[in-house]
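Down below is the structure, laid out as structure tokens.
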Amino acid sequence: MKLLLVFLGLFLAVLAQDKYEPIDDSFDASEVLSNERLLKSYTKCLLNQGPCTAELKKIKDKIPEALETHCAKCTDKQKQMAKQLAQGIKKTHPELWDEFITFYDPQGKYQTSFKDFLES
């Protein structure tokens, strides 16, 4: 019985490592989208044009892997935030969206899968 509990504990620990760190519950995607100064600051960080906060740098470092794996390690909340931010930027700031595409997917490898992700 003890062996089973140890195995189960190890299994759960491995599963937990298969997801990215949770997003701070105070993060509000709609606030970022409605605040031009904040959006510009975040954009500069994500496009290597300005400084990053420690939290935003963690997110930025995971973007290439998330695109490549179709956000396989994203939590449900991270997926929801990514969709909200991407859809908001595409709608209200298409020029920024184009910059993100050029920066993170210059060959267009992820366009179809990311479109499917946004529509899911």
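Note that the sequence shown covers residues -16 to -1, 1 to 104 in mature numbering (1 follows the signal peptide of the UniProt record, and there is no 0).
Virtual Cβ for every residue (Gly too), placed ideally from N, Cα, C.
Everything numeric in this text was worked out from a predicted model, so none of it was measured.
{"query": "Backbone CA spacing between K74 and Q68 [nearest angstrom]", "result": "10 Å"}
{"query": "Buried versus exposed call for A66 [16 or more other C-beta atoms within 10 Å across all chains shown]", "result": "buried"}
{"query": "Inter-residue Cα distance where the pair is E83 and D12", "result": "23 Å"}
{"query": "Nearest neighbour of N19, chosen from E39, G72, Q91 [CA to CA]", "result": "G72"}
{"query": "Range covered by the alpha helix (DSSP H) that runs through C29", "result": "20 to 30"}
{"query": "Whether L80 touches T27 by CB criterion (8 Å)", "result": "yes"}
{"query": "Among L51, C29, D2, the one whose alpha carbon lies nearest that of P90", "result": "L51"}
{"query": "Check whether Y88 and I47 have beta carbons under 8 Å apart", "result": "yes"}
{"query": "Coarse secondary structure for S97, derived from DSSP in three states", "result": "helix"}
{"query": "Sub-8 Å separation of D2 and K57 beta-carbons", "result": "yes"}
{"query": "Per-residue burial, L22 [other beta carbons within 10 Å of its own, 16 or more giving buried]", "result": "exposed"}
{"query": "Between the CA atoms of T96 and L102 - distance to the nearest angstrom", "result": "10 Å"}
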